[in-house]
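Participant: Taking my numbering, I'd label the letters of the sequence shown as residues 631 to 1307.
Yeah, the Cβ is synthetic: ideal placement off N, Cα and C, and Gly gets one too.
The model shown is predicted, which means the values in this text are computed figures rather than measured ones.
One structure is given below, represented as structure tokens, and several questions about it will come after.
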Amino acid sequence: MNHPLTELNRRLGGIAYGGDYNPEQWPRETWHEDVRLMREAGVNLVTVGVFSWSRLQPRPGTYDWSLLDEVLGLLHENGIAVDLATATAAPPPWFTRRHPDARPVTASGTRLSHGSRQVFCPSHPAYAAAADALVAQLAARYGDHPALVMWHVHNEWGNHNALCYCDVSASAFRTWLRERYRELDTLNEAWGTDFWGQRYSDWEEIDPPRETTALRNPGQELDYHRFSSDALLDRHRAEAALLRRFAPGTPLTTNHLGTLEKKVDAYAFAPECDLISVDHYLPAADPDGHIDLALNADMTRGMAAGRPWLLMEHSTSAVNWQPVNVAKRPGEMRRNSMAHLARGADGIMFFQWRQSRAGAEKWHSAMLPHGGTDTRIWREVRALGADLASLADVVGTRVRADVALLFDWNNWWALELQARPSARTRYLDLVREWYEALWALNITCDVIPPGQDLTPYKAVLAPNLYLLADEHADALTRYVRQGGHLAVGCFSGVVDARDQVRPGGYPGALREVLGLRVDEYLPLRTEDTIRLSDGSVAVQWAERVEPRGCTATVRFADDAGGGPARGGPAVTRHAYGAGTGWYVATRASGPTLREVVRQVAETAGLRSVADVPEGVEAVRRTGPGGSFLFLINHTDGDVDVPVGGLGLLDTVSDGSHTKIPAGGVAVLREERPPRQA
Ligand code: GAL
């Protein structure tokens, strides 16, 4: 049997293309123009109903299906399939009025008002009852609708309301803690409550980590993150169970936030979906936002266990929620779309179809802009539809990666709790620096959690493993002993799953594999930099490393410029069992990390996807349908790449060389793909 997404693509006749469609914002006449233009653009799938709850249920107990009946019918008549949302991300005003205590409360005790979306406490039973009733009705009414091809559970779980500190959440937290620890003494031990006299003698004494006088208990806070993510996961499971019960046979997904959101562990939601979808928005302040995009896409493929996935939302141009919402340059949206496709997406969707004229997101770009069809954006949207139609053979092919990059929400939460050696050590920055080294070398990686099977990978990179659970530490040790190659970033292996420091010297769980002991962590002042023996400059962090079998490949400079660890090892390498462990004991710059990754690649026998100039992104998808090499030119100049094949899109290839214009994209169908290491 085909994977549910591949089956969906088969029904659609190719790559999924479309976006969120919110017809309730427009008069009925506009709907007809919408479907006509959707067809013109090659749209074959739209997400309907994401925020429609107040229309579908205008009053408690009263449902009104007229909007959905008509819109779904119209879409179906026009051959456009529907991803139907459960609409639970925007409880209606009547719900809040009836259940004012279901509004979320902040850590400082402020109860939030209605007037936006996701205004609900994830643990509140009144929300659960109202949401479940709606989902059951929707599923029963539309489960057999011919337009329906996919269910869209909620929308971006926890984007705005993941952490609620109300009394209902407090009580649910206690229940969650009882299940986790069973005995109060075990919790006291885990949270280290004998420090600052916080020992609990009754479960009822435990509250969420609300705003308090001074530093909060880190164990309590870490568990609150876990509990809050789990509370949303419970809601997801409840909706999914109803859909499966009342409308079996239609695959369901939820649009994950990936790296966009720290509060929700996306990896935990992945197994609860039939197919994986994600949203991604470029950080406008980042001139290399396309690298962030690639990281997110590789993580999504990790969630999908290597299978194809769906890009549920991105933007045609500017968003409206960043300080300055930079418009995409001509061609950028196409490059973004092709980069997602290259990294395994079999569907390219947008928020949203028609740009709103009212409401909070009227300044967010859309497929059909305020200016209508005589606009750059519309022309690019139409052209993209044609491009995607011509790439239908790509559907179902896979991206193969021999490297895993480890990403862990537990670690993200723990690393950024209060009172760490340096508040400047931000998880996403560390991950990004390492990912960037891989990206620059065009070595494709899967971004996966540390609990996943590592044996398929020749090398594993762990930008940071501050929190490393025992079983994950054991798995990494075994991996290297059996011949794997592992590179680890600074401040790793430090605490266990409870956030308790491993005794006997840092990096606790990794001392043996890395062949070293760290005597002291030496964070730097904001303005300080340190020189390394490879001529590069590092920032923020140093460590006093004592080799215990490892070799230093880069050292902190041997003079005052070397900072607090002057003369000591900054990058080390250690032969362990049949494998190798590298350690980078500072915030090294790009060239140093690239060299580490190059050494790892050489030792592990990894190769770049293609030999291309800097700034050209190369990713390959292969499968029974063929082999497709995607080459995305992010530079301002034309490039000539020494690879050939049958050129798709606007690619000009003479069999051994391919020209890609500035900002352009080439897709080559290869006769015989070079063996990818
Ligand atoms: C997403 C959300 C969409 C829209 C979009 C704007 O987080 O799912 O509904 O708000 O952001 O960028």
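Using CA atoms only, rank isn't needed, just tell me which of Gly1081, Val1029, Leu1035 and Leu1097 is closest to Trp1043.
Facilitator: Leu1097
Participant: Using a Cβ-Cβ cutoff of less than 7 Å, which residues in the same chain neighbour Val701 once the five nearest sequence positions on both sides are dropped?
Facilitator: Pro653, Trp661 and Val678
Participant: Could you give the DSSP three-state label for Asp895: helix, strand or coil?
Facilitator: coil
Participant: What residues are listed by DSSP as bridge partners for Val1167?
Facilitator: Arg1161
Participant: How would you call Arg1062, buried or exposed, if buried means at least 16 neighbouring beta carbons within 10 angstroms?
Facilitator: Within 10 angstroms of the beta-carbon of Arg1062 lie 16 or more other beta-carbons, which makes it buried.
Participant: Going by DSSP, which residues form a beta bridge with Gly1211?
Facilitator: Leu1116 and His1204
Participant: Do Arg1174 and Val1167 have their beta-carbon atoms positioned less than 9 Å apart in this structure?
Facilitator: no
Participant: Suppose the cutoff is 7 Å on Cβ atoms and the five residues either side in sequence are ignored; what does the same chain contact list for Thr1107 look like?
Facilitator: Glu1142 and Val1143
Participant: Applying the criterion that 16 or more other CB atoms from any shown protein chain within 10 Å of the CB defines a buried residue, is Arg973 buried or exposed?
Facilitator: buried
Participant: Which residue or residues does DSSP assign as beta-bridge partners of Leu764?
Facilitator: DSSP output for Leu764 lists no bridge partner at all.
Participant: Hey, would you say Thr1295 sits closer than 9 Å to Thr1265, going by beta carbons?
Facilitator: Per the sequence shown, residue 1295 should be read as Val rather than Thr. No.
Participant: Which residue marks the beginning of the alpha helix (DSSP H) containing Tyr854, and which one marks its end?
Facilitator: Pro848 to Phe876
Participant: Look at the alpha carbon of Gln751 and the alpha carbon of Leu905, and state the distance between them as a whole number of angstroms.
Facilitator: According to the sequence provided, residue 751 is Cys. The question's Gln does not apply to it. Taking the straight line joining both Cα atoms gives about 27 Å.
Participant: What is the DSSP secondary structure of Ala1103, counted as helix, strand or coil?
Facilitator: helix
Participant: Would you check if there are 3 or more beta carbon pairs closer than 8 Å linking the region 712–720 to the region 738–751?
Facilitator: yes
Participant: Please work out which residues of its chain come closer than 6 Å, Cβ to Cβ, to Ala760, disregarding the five sequence neighbours upstream and downstream, and give them in chain order.
Facilitator: Phe725
Participant: Would you report the Cα separation of Arg1111 and Val735, rounded to the nearest angstrom?
Facilitator: 49 Å
Participant: Go through its chain and collect everything with a Cβ distance to Trp833's Cβ below 8 Å, but skip five positions before and after it.
Facilitator: Arg804, Leu807, Arg808 and Leu814
Participant: Specify whether the region 956–967 and the region 662–672 touch according to this definition: at least 3 beta carbon pairs, one from each stretch, less than 8 Å apart.
Facilitator: no
Participant: According to DSSP, is Tyr1065 part of a helix, a strand, or is it coil?
Facilitator: helix
Participant: Along the beta strand (DSSP E) that carries Leu940, what are the first and last residues, could you check?
Facilitator: Element bounds for Leu940: Trp939 to Glu943.
Participant: Grab the span of the alpha helix (DSSP H) containing His662 for me, first residue to last.
Facilitator: His662 -> alpha helix (DSSP H) spans Arg658 to Ala671.
Participant: If we call anything under 9 Å between Cβ atoms a contact, is Ser627 one with His886?
Facilitator: Residue numbering for the chain in the displayed model covers 631 to 1307; residue 627 lies beyond these limits and cannot be assessed.
Participant: In whole angstroms, give me the CA-to-CA distance for His775 and Asp699.
Facilitator: 9 Å
Participant: What residues match up with Arg1251 in a beta bridge as DSSP calls it?
Facilitator: In the DSSP output, where bridge partners are listed per residue, Arg1251 has Phe1258.
Participant: For Phe980, which three-state DSSP category applies?
Facilitator: strand
Participant: According to DSSP, is Tyr1151 helix, strand or coil?
Facilitator: Note: Tyr1151 maps to strand in three-state DSSP.
Participant: Is DSSP giving Pro1177 helix, strand or coil here?
Facilitator: Under the three-state reduction of DSSP, Pro1177 is assigned to strand.
Participant: Using the C-alpha atoms, what's the distance from Pro1079 back to Ala777?
Facilitator: 36 Å
Participant: Enumerate in chain order the residues of its own chain whose CB-to-CB distance from Thr1005 is below 6 Å, with the five nearest sequence positions on each side excluded.
Facilitator: Pro999
Participant: For Arg812, count neighbouring C-beta atoms within 10 Å of its own C-beta (all shown protein chains included) and say buried if the count is 16 or more, exposed if not.
Facilitator: exposed
Participant: Thinking just about the alpha-carbon of each residue, which of Ala870, Leu1035, Ala1208 and Gly1293 is nearest to the one in Met780?
Facilitator: Ala870
Participant: Does DSSP put Val749 in a helix, a strand or coil?
Facilitator: coil
Participant: Between the C-alpha atoms of Gly1015 and Ser1286, what's the straight-line distance to the nearest angstrom?
Facilitator: 29 Å
Participant: Ignore the nearest five residues each way along the sequence and tell me which others in Asp1270's own chain have a CB closer than 7 Å to its CB.
Facilitator: His1287 and Lys1289
Participant: Shorter than 8 Å, the distance from the beta carbon of Glu943 to the closest heavy atom of the ligand GAL, or not?
Facilitator: yes
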